[in-house]
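Q: Before we start, here is the structure in question, set down as structure tokens.
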Amino acid sequence: MNLTWHIAKKDLRRFWVPLTLLSAVTAIRFGMGISLLTANDPEPEWFDHMGIYANVLWGIGLFLTYMLAAAVVQEDSVASPAFWQTRPISGPRLLAAKTIGLILMFGILPVLLSIPWWLGCGFGCSEICHAGAETLAVQAIVVLLALPWSVVTGQYDRFLLWTFVAAVASITDATLLIAGHGMASQQELFTGAWAGPTKVLVIGLLAVAGGLFTAIHQFVTRKTWRSVVVIVVTALSMAAAGRWWTWEASAIWALKPVAPAGLAKDIKISLDYAYVWQATNGSGVGEVNLIGESVPSPYVLSPLYSEQNLRWADGSLSTEKQFDVWRSRTPSYANNAFYLMRLVPQPNDRNWVQYVMRHNLVPFSRMYPQWGGKFFEPFTAYFSPESMRRLASQRPIYDGTFWFHLFKPDVIGETDIHVGAALSKGTIRSRVSAISNDPKTWTLLVSFVDSSPESLWTDFLEMSQLTAPRAQPIYCIVNRSRTYARGSFNETRYHTVISNVAIALRKEAFQEPNHWNALSRKWEKERDGLVGATVAEVNFEEVERFSLPIAIDKFDFRTGIVNSQGPSPKGTYAVAGQVEKPGDFHFSRGTTLVNALRAAGGVTDEADLSKVALTRIAADGTASTVLVNVEAWLEDTTPSESAIPVLQPGDVVLVPSIEAGQTFPP
Amino acid sequence: MNIIETKGLSRSFLGTEALSGLDLSLPSGKVAALLGPNGAGKTTTIKLLMNLLTPSAGSARVLGVDSRRLGPTQFAQIGYVSENQQLPLWMTVQGLLDYCRPFYPTWDRVLERTLISQFDLPLDRKLRQLSRGMLMKAALLSSMAYRPRLLVLDEPFSGLDPLVREEFVRGVLEASISGDWTILISSHDIEEVERLADHVIFLDRGRLHLSEDAESLQSRFRRVEVQHGGESPSPPDGALEWERSGALIRFVETRYSAEETERGWSERFPGAIVTVQPMTLREIFLTFARGSRSRSKGVAA
Numbered sequence: 000m001n002l003t004w005h006i007a008k009k010d011l012r013r014f015w016v017p018l019t020l021l022s023a024v025t026a027i028r029f030g031m032g033i034s035l036l037t038a039n040d041p042e043p044e045w046f047d048h049m050g051i052y053a054n055v056l057w058g059i060g061l062f063l064t065y066m067l068a069a070a071v072v073q074e075d076s077v078a079s080p081a082f083w084q085t086r087p088i089s090g091p092r093l094l095a096a097k098t099i100g101l102i103l104m105f106g107i108l109p110v111l112l113s114i115p116w117w118l119g120c121g122f123g124c125s126e127i128c129h130a131g132a133e134t135l136a137v138q139a140i141v142v143l144l145a146l147p148w149s150v151v152t153g154q155y156d157r158f159l160l161w162t163f164v165a166a167v168a169s170i171t172d173a174t175l176l177i178a179g180h181g182m183a184s185q186q187e188l189f190t191g192a193w194a195g196p197t198k199v200l201v202i203g204l205l206a207v208a209g210g211l212f213t214a215i216h217q218f219v220t221r222k223t224w225r226s227v228v229v230i231v232v233t234a235l236s237m238a239a240a241g242r243w244w245t246w247e248a249s250a251i252w253a254l255k256p257v258a259p260a261g262l263a264k265d266i267k268i269s270l271d272y273a274y275v276w277q278a279t280n281g282s283g284v285g286e287v288n289l290i291g292e293s294v295p296s297p298y299v300l301s302p303l304y305s306e307q308n309l310r311w312a313d314g315s316l317s318t319e320k321q322f323d324v325w326r327s328r329t330p331s332y333a334n335n336a337f338y339l340m341r342l343v344p345q346p347n348d349r350n351w352v353q354y355v356m357r358h359n360l361v362p363f364s365r366m367y368p369q370w371g372g373k374f375f376e377p378f379t380a381y382f383s384p385e386s387m388r389r390l391a392s393q394r395p396i397y398d399g400t401f402w403f404h405l406f407k408p409d410v411i412g413e414t415d416i417h418v419g420a421a422l423s424k425g426t427i428r429s430r431v432s433a434i435s436n437d438p439k440t441w442t443l444l445v446s447f448v449d450s451s452p453e454s455l456w457t458d459f460l461e462m463s464q465l466t467a468p469r470a471q472p473i474y475c476i477v478n479r480s481r482t483y484a485r486g487s488f489n490e491t492r493y494h495t496v497i498s499n500v501a502i503a504l505r506k507e508a509f510q511e512p513n514h515w516n517a518l519s520r521k522w523e524k525e526r527d528g529l530v531g532a533t534v535a536e537v538n539f540e541e542v543e544r545f546s547l548p549i550a551i552d553k554f555d556f557r558t559g560i561v562n563s564q565g566p567s568p569k570g571t572y573a574v575a576g577q578v579e580k581p582g583d584f585h586f587s588r589g590t591t592l593v594n595a596l597r598a599a600g601g602v603t604d605e606a607d608l609s610k611v612a613l614t615r616i617a618a619d620g621t622a623s624t625v626l627v628n629v630e631a632w633l634e635d636t637t638p639s640e641s642a643i644p645v646l647q648p649g650d651v652v653l654v655p656s657i658e659a660g661q662t663f664p665p
Numbered sequence: 000m001n002i003i004e005t006k007g008l009s010r011s012f013l014g015t016e017a018l019s020g021l022d023l024s025l026p027s028g029k030v031a032a033l034l035g036p037n038g039a040g041k042t043t044t045i046k047l048l049m050n051l052l053t054p055s056a057g058s059a060r061v062l063g064v065d066s067r068r069l070g071p072t073q074f075a076q077i078g079y080v081s082e083n084q085q086l087p088l089w090m091t092v093q094g095l096l097d098y099c100r101p102f103y104p105t106w107d108r109v110l111e112r113t114l115i116s117q118f119d120l121p122l123d124r125k126l127r128q129l130s131r132g133m134l135m136k137a138a139l140l141s142s143m144a145y146r147p148r149l150l151v152l153d154e155p156f157s158g159l160d161p162l163v164r165e166e167f168v169r170g171v172l173e174a175s176i177s178g179d180w181t182i183l184i185s186s187h188d189i190e191e192v193e194r195l196a197d198h199v200i201f202l203d204r205g206r207l208h209l210s211e212d213a214e215s216l217q218s219r220f221r222r223v224e225v226q227h228g229g230e231s232p233s234p235p236d237g238a239l240e241w242e243r244s245g246a247l248i249r250f251v252e253t254r255y256s257a258e259e260t261e262r263g264w265s266e267r268f269p270g271a272i273v274t275v276q277p278m279t280l281r282e283i284f285l286t287f288a289r290g291s292r293s294r295s296k297g298v299a300a
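Structure representation (structure tokens):
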């Protein structure tokens, strides 16, 4: 042990200069944070810039860690006739010494450096432990990345070359994986049920095991070519897992059924519809929509896990298990609004629907066509090509179990939306540092100084809430897919003194860009729709989880072709006549006639909205046209949703002119 | 006991044999010179012995242990200095010694101090800043201070000026006299090790040509000049560098054993005047080296 420590001490002596540099980078970052914490009413722009610099410094720190970790390992080269190899030092002892050195330099040191900062942020003991664990995890990933390349290459230049080669190979690998995948997006590959969260886990475990095995093997045997074989085998198995590891294997996550108890007893969950679409690669994408009602205020219901079984006529079973691990803490993940939590005092409240439409930052297409005020929880299911082939001739029995969890939201800070506004509660020092305005969106740039301990491991983007100015607050989560980070985006905020998060708000979600003024009978230019809205940070605590069995005797099997982004049919619709921007527009499911007019930039002053013509061409080629009185709908104080038709691909919308007295058909 | 013993030791690199079938045994207490022209396989041999390379065939035992299983216990009794060795150049000389010391239970601080003053090493200088000779001396010092049972020096003299080489040799000699050390020095130049070696190993193109004590080698090698008027006799067995110019025949006798050999000559060269001179190790080495070169030319032709 003494000798092991003796070697580790030698490494510490060797690298004290770069370690000091690394510590200085960290210290500067925290210094910036302290200056922000103590600044009185800082300029938003300054706030913004500091955030970018802090993140750049964080990146530099990680890069230095990677390079330095390799240098520490190569200080006693494992691949060539190095000094230690003819000294009374065994490979395992050297490995132990290197491990101690790496832990001290890249684990303990950064944690120690951060502790004053954490204390300054008011963290308690458990928060510091959490933050420390998170720091160690990130550092471990970086060091583990450097490990295999540094042990198989004796010299630093070769390490750099291998790093480069590995980076290129990974990018190529990922590209091929994504390209070869039915669901042609990285998001689907790594987060969708198609992949199953276990895929990421399996790939990660393979990488860690391969990296560690390479290091141990190389230190003990010094057989470089065999270590290279280990690396290649690891890479291949990672690629194979990426390609072939499927949702079926996610069954290891399977949960036991839990009957609803307590608050959950009063929640009514019922089946709305279930269907399967044929996807382009022969597999099927299914959606089982559940209606959730009577969720007690202010609780939030969120999907957790589902097991969906198809029982075939011959008694065999196809099972789909899906763990919503990415949504496990807060509801909502990227792909659609349905995953958003519903905090629905009165689910049938039309105001709520309109509120969601105004505030929810989700495409309208995803909100179709439930104007009736119900809210849905779709569970996606993916069916293999074999299952789809069987579905052509058989109708299996569907038998599913769905797990939910109930969250209690805790507002820890909220503010009006204006530049300079700071969240008043909570330990986060955050403020709206800028609001940019372009024709389609408002973008709020919210700067945070560190994070609150309560929001550990949660993503700010999923916690940003927009609340309406009303007595009983209703929340709507800003969905990640509708937000983007400007400058930098960091989920592990314990490492980020400052994070800047840009939240893009679709204007149409707040207010019509061209507002129809019924008195003047004109479309008015936009008003500041952000007035009165509030941004809040909300933390969610899981209070309950429960499961429900759902049997479906009739699945709706649709034979449409699904595009790679989800079960939305491809196609366009056309808007012509008295609109600002006539043309063809991408169709998305649920688009209404009013949406179509908005998409075309609104109508002109000449538009006659009482006779908007909607032409649809049927499969047999015959065209039919209906005239829709949009004007009446707009002026109606209690409009009926069903008065506005939902479009289909290929539809043509024509807005006639008042002056010409033109109607369609003439 | 043999400190080094190899059986059929072979190593090839991508099909090229660097060493083939080396059978060698080196008894304890010897100072052995591992000689051979460049590319003879000297460094390969040493790397195999030090477990820096694994044999493609055959095996080697060092200090009674298979070379592939050499571990800390054995390396605590082995000193290895090579011109190709990676040294922690960022350390000072003192730092290097401080770093090495705890690994060796037999480290002798008195010997360390003696060697420091003998080698005239600047303790506070970093290895990076040292000249080649100084660096080799520092490496030697860090490999001698624990009185290893086996000291392996791979081309330690190349590029050293005569003065440094002298110091180096003196250091090794004094150490080896004072202790029961076995030393293996590789060199492509006999001159460097002539004074040290009491055992000579000659390698050429991966094969062992000779492994013999210097004493017996010198006793059986003689340079012979024969003044002989008669018809040209054929060279006797074991004669090298046979050369005739007029009445003068010159050759190197490799199986000289006083009376017996001289009796043979008088039968072969009746009435001739035979002059016999003993040879230095250097001359013997050169004879070998020339011999192997002409053989390789013969093969090429």
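These protein sequence lines are chains A and B, in that order. Heads up: the first sequence at position 383 corresponds to 382 in numbering that gives the first Met the number 0, and the numbers run straight through without jumps. Heads up: the second sequence at position 135 corresponds to 134 in numbering that gives the first Met the number 0, and the numbers run straight through without jumps. No residue lacks a Cβ here, since even glycine has one placed at the ideal position from N, Cα and C.
1) Would you verify that the beta carbon of Tyr-79(B) is, or is not, closer than 8 Å to some beta carbon of chain A?
2) State buried or exposed for Phe-167(B), treating a residue as buried only when at least 16 other CB atoms are found within 10 Å of its CB.
3) Where Phe-14(A) and Tyr-79(B) are concerned, what is the direct C-alpha to C-alpha distance, given to the nearest angstrom?
4) Just verifying my parser: in three-state terms, what is the DSSP assignment at Phe-14(A)?
5) Along the region 55-89 of chain A, what residues have a CB closer than 8 Å to any CB found in chain B?
6) Is Ile-88(A) helix, strand or coil when you go by DSSP?
7) Determine the contact status of Ala-238(A) and Asp-172(A), defining contact as a CB-CB distance below 8 Å.
8) Does the Cβ of Ile-184(B) have 16 or more other Cβ atoms within 10 Å, making it buried, or fewer, making it exposed?
9) Would the beta-carbon of Trp-340(B) fall within 8 Å of that of Lys-41(B)?
10) Alpha helix (DSSP H) containing Lys-41(B): first to last residue?
11) Quick check on the burial criterion: 16 or more other C-beta atoms within 10 angstroms. Buried or exposed for Thr-105(B)?
12) Taking the alpha-carbon positions, what's the Gly-106(A) to Thr-152(A) distance?
13) Fully enclosed by the region 186-264 of chain B, which alpha helix (DSSP H) runs are 4 residues long or longer?
14) Relative to the C-alpha of Met-0(B), which residue among Leu-280(B), Val-199(B) and Trp-180(B) is closest?
15) What residues are listed by DSSP as bridge partners for Leu-8(B)?
16) The alpha helix (DSSP H) with Arg-305(B) in it runs from where to where?
17) Give the residues of chain B in contact with Leu-2(A), contact being defined as C-beta atoms less than 7 Å apart.
18) Leu-96(B) to Ser-130(B), Cα distance in whole Å?
19) Relative to the C-alpha of Gln-138(A), which residue among Ala-595(A), Ser-386(A) and Ile-59(A) is closest?
20) If the cut-off is 9 Å on Cβ atoms, which residues from the region 34-64 of chain B count as contacting chain A, listed in chain order?
21) Compare the Cα-Cα distances from Ala-595(A) to each of Thr-571(A), Asp-604(A), Ile-616(A) and Ala-617(A) and report the closest residue.
22) With distance defined between alpha-carbon atoms, name the residue in Val-602(A), Gly-209(A) and Tyr-155(A) nearest to Val-231(A).
23) So does the region 211-231 of chain B actually touch the region 272-282 of chain B, counting three or more Cβ pairs closer than 8 Å?
24) Consult DSSP for Ile-643(A) and reduce its assignment to one of helix, strand or coil.
25) Does the beta carbon of His-216(A) sit closer than 8 Å to a beta carbon anywhere in chain B?
26) Got a sec: is the Cβ-Cβ distance from Leu-86(B) to anything in chain A below 8 Å?
27) Against Arg-225(A), what residues of chain B qualify as contacts under a CB-to-CB distance less than 9 Å, listed in chain order?
28) Along chain C, which residues have their Cβ under 7 Å away from the Cβ of Lys-97(A)?
29) What would DSSP say about Leu-159(B), mapped onto helix, strand or coil?
30) Would you tell me roughly how many angstroms separate the C-alpha atoms of Ala-138(B) and Glu-240(B), rounded to the nearest one?
31) Would you say Arg-310(A) and Pro-395(A) are within 8 Å of each other, going by their C-beta atoms?
32) Which residues mark the beginning and the end of the beta strand (DSSP E) in which Gln-276(B) is found?
33) To be precise: take each residue of the region 13-25 of chain A, compare its Cβ to all Cβ atoms of chain B, and keep it if any distance is under 7 Å. Which residues remain?
34) Do we get a CB-CB distance below 8 Å when we pair Thr-5(B) with the residues of chain A?
35) Check for me: the beta strand (DSSP E) holding Val-627(A) runs from which residue to which?
36) Once DSSP output is grouped into helix, strand and coil, what is the label at Lys-255(A)?
A: Looking at the coordinates:
1) Looking up residue 79(B) in the second sequence gives position 80. The beta carbon of Tyr-79(B) sits closer than 8 Å to some beta carbon of chain A.
2) Here residue 167(B) is taken as the residue at index 168 of the second sequence, counted from 1. The residue is buried, with at least 16 neighbouring Cβ atoms inside 10 Å.
3) Position 15 of the first sequence, counted from the first residue, corresponds to residue 14(A). Position 80 of the second sequence, counted from the first residue, corresponds to residue 79(B). Distance between the alpha carbons of Phe-14(A) and Tyr-79(B) is about 27 Å.
4) Position 15 of the first sequence, counting from 1, holds the residue named residue 14(A). Annotated three-state conformation of Phe-14(A) is coil, per DSSP.
5) Correct list: Glu-74, Ser-76, Ser-79, Pro-80, Ala-81, Phe-82, Gln-84, Thr-85, Arg-86, Pro-87, Ile-88 and Ser-89.
6) In the first sequence, counting from the first residue as 1, residue 88(A) sits at position 89. Looking at Ile-88(A) - three-state DSSP - the assignment turns out to be coil, as it is neither helix nor strand.
7) If you number the first sequence from 1, residue 238(A) lands on position 239. If you number the first sequence from 1, residue 172(A) lands on position 173. The beta carbons of Ala-238(A) and Asp-172(A) sit closer together than 8 Å.
8) Start at 1 with the first residue of the second sequence, and residue 184(B) comes out as number 185. It counts as buried.
9) This structure leaves residue 340(B) out entirely; chain B is present only between 0 and 300.
10) Within the second sequence, the letter at position 42 stands for residue 41(B). It spans 41-48 - the alpha helix (DSSP H) in which Lys-41(B) sits, taken as one unbroken run.
11) Counted from its first residue, the second sequence places residue 105(B) at position 106. Exposed.
12) On the first sequence, position 107 is the one that residue 106(A) refers to. On the first sequence, position 153 is the one that residue 152(A) refers to. Those two C-alpha atoms are separated by around 24 Å.
13) Under the rule that a run must span 4 or more residues, the alpha helix (DSSP H) segments found entirely inside the region 186-264 of chain B read 189-192 and 213-219.
14) In the second sequence, residue 0(B) corresponds to position 1, counting from 1. Nearest option by C-alpha distance: Trp-180(B).
15) Here residue 8(B) refers to the residue found at position 9 when the second sequence is read from its first residue. In DSSP, Leu-8(B) forms a bridge with Leu-21(B).
16) Lying outside 0 to 300, the shown extent of chain B, residue 305(B) is not represented and no answer is given.
17) Translated into positions along the first sequence, residue 2(A) becomes position 3. Ordered by position in chain B, the residues that pass the 7 Å Cβ test against Leu-2(A) are Pro-101 and Phe-102.
18) Reading the second sequence from its first residue, position 97 is the one you call residue 96(B). Reading the second sequence from its first residue, position 131 is the one you call residue 130(B). One Cα belongs to Leu-96(B), the other to Ser-130(B), and the distance between them is close to 18 Å.
19) In the first sequence, the residue the question calls residue 138(A) occupies position 139. The residue with the shortest Cα to Cα distance from Gln-138(A) is Ile-59(A).
20) Of all residues in the region 34-64 of chain B, Lys-46, Met-49, Asn-50, Leu-51, Leu-52 and Thr-53 have a Cβ within less than 9 Å of some Cβ in chain A.
21) Within the first sequence, the letter at position 596 stands for residue 595(A). Ranked by how close their Cα comes to the Cα of Ala-595(A), the residues Thr-571(A), Asp-604(A), Ile-616(A) and Ala-617(A) have Thr-571(A) in first place.
22) Residue 231(A) sits at position 232 when you count from the first residue of the first sequence. Comparing Cα positions, the closest option is Gly-209(A).
23) By the criterion of at least three beta-carbon pairs nearer than 8 Å, the region 211-231 of chain B is in contact with the region 272-282 of chain B.
24) Your numbering for residue 643(A) matches position 644 in the first sequence. It is coil, neither helix nor strand.
25) By one-based count along the first sequence, residue 216(A) stands at place 217. It does not; no Cβ of chain B falls within 8 Å.
26) As a position in the second sequence, residue 86(B) is number 87, starting the count at 1. So yes, Leu-86(B) belongs to the interface.
27) The residue labelled residue 225(A) in the question sits at position 226 within the first sequence. Taking a Cβ-Cβ cut-off of 9 Å, Arg-225(A) has no neighbours in chain B, whose nearest Cβ is about 12 Å from it.
28) The chain inventory of the structure shown lacks chain C, comprising the protein chains A and B.
29) In the second sequence, the residue the question calls residue 159(B) occupies position 160. For Leu-159(B), the secondary structure class from DSSP, reduced to helix, strand or coil, is coil.
30) Indexing the second sequence from 1 puts residue 138(B) at position 139. Indexing the second sequence from 1 puts residue 240(B) at position 241. Looking at the backbone, the Cα of Ala-138(B) and that of Glu-240(B) are separated by about 41 Å.
31) To locate residue 310(A), count along the first sequence from 1; it is residue 311. To locate residue 395(A), count along the first sequence from 1; it is residue 396. Annotated as proximal: Arg-310(A) and Pro-395(A), with beta-carbon spacing under 8 Å.
32) Taking the second sequence and counting its residues from 1, the one referred to as residue 276(B) is at position 277. For Gln-276(B), the enclosing beta strand (DSSP E) begins and ends at 272-277.
33) Listed by position along the chain: Arg-13.
34) Sequence index remark: in the second sequence, residue 5(B) carries index 6 (1-based). Not one chain A Cβ lies under 8 Å of Thr-5(B).
35) By one-based count along the first sequence, residue 627(A) stands at place 628. Here the beta strand (DSSP E) through Val-627(A) covers 622-627.
36) Translated into positions along the first sequence, residue 255(A) becomes position 256. Coil.
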